[in-house]
């Protein structure tokens, strides 16, 4: 077997093993009614990430703060990033800062606010009773370091909160859901 074919078979085997955790739940499973959390964490942040389909995982740079913390380890200088996106569905603002710790590695911190806008709350007759605003808050703290020549490692702590804020009277009221 040639190295090229062998490598392809190993890749297929790993994809098959790893894909077991990515499958959807069947209706008969105990947690079928559960709602999957935090898909928003997978959306790209910044023009480069959007244009590359969020394939920044192997790149060194401050954009790694939003994708892969190990990519911060090779930063040569401290950086501050600001991103803004306005679409028909949402307004998103993000900032990130990464700074070097002499001899230890790089620390990064990012915050992202996604505002889905307001919608009117109504009673069963359609009379306006209040206003709902939906927001996502993302806070990420990261650390990255070089382990050896060409080998970096990183770790992130992510805090995510989804909110429905209510002004006036909204059936069920406002709520917030937070996860780490």
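Residue numbers (the numbering used here): 7 to 186. Virtual Cβ for every residue (Gly too), placed ideally from N, Cα, C. Since the model is a prediction, treat every value here as computed from it, not as a measurement.
Here residue 75 carries a helix assignment [DSSP, helix/strand/coil].
Contact annotation: the segment 125–137 does not touch the segment 156–164, with fewer than three C-beta pairs closer than 8 Å. In the assembly as shown, residue 75 is a buried residue. Its beta-carbon has 16 or more other beta-carbons within 10 Å. Leaving aside the five residues that flank residue 88 on each side, the residues in its chain whose CB is nearer than 6 Å to its CB run, in chain order, 101.
With a threshold of 16 other beta carbon atoms within 10 Å, residue 118 meets it and is buried. Pairing residue 114 with residue 148 gives a Cβ-Cβ distance under 8 Å. Residue pairing of residue 129 in beta bridges, as defined by DSSP: absent, with no partner found. A Cβ-Cβ distance of about 7 Å is found for the pair residue 141 and residue 120, placing them in contact under the 8 Å criterion. Our two residues, residue 175 and residue 162, have alpha carbons roughly 39 Å apart in a direct line. For residue 156, no beta strand (DSSP E) run applies, since DSSP gives it neither H nor E. In the three-state scheme derived from DSSP, where H, G and I count as helix and E and B as strand, residue 84 is classed as coil. Distance from the CA atom of residue 127 to the CA atom of residue 181, rounded to whole angstroms, is 14 Å.
Going by DSSP, residue 107 is part of the beta strand (DSSP E) stretching over 97–107.
Taking 8 Å as the cut-off, the beta carbon of residue 112 is found closer than this to the beta carbon of residue 78.
Between residue 164 and residue 186, the C-beta spacing is below 8 Å.
Residue 71 sits close to residue 116, with the two beta carbons spaced by under 8 Å.
Here residue 183 is exposed: its Cβ has fewer than 16 other Cβ atoms, across all protein chains shown, within 10 Å.
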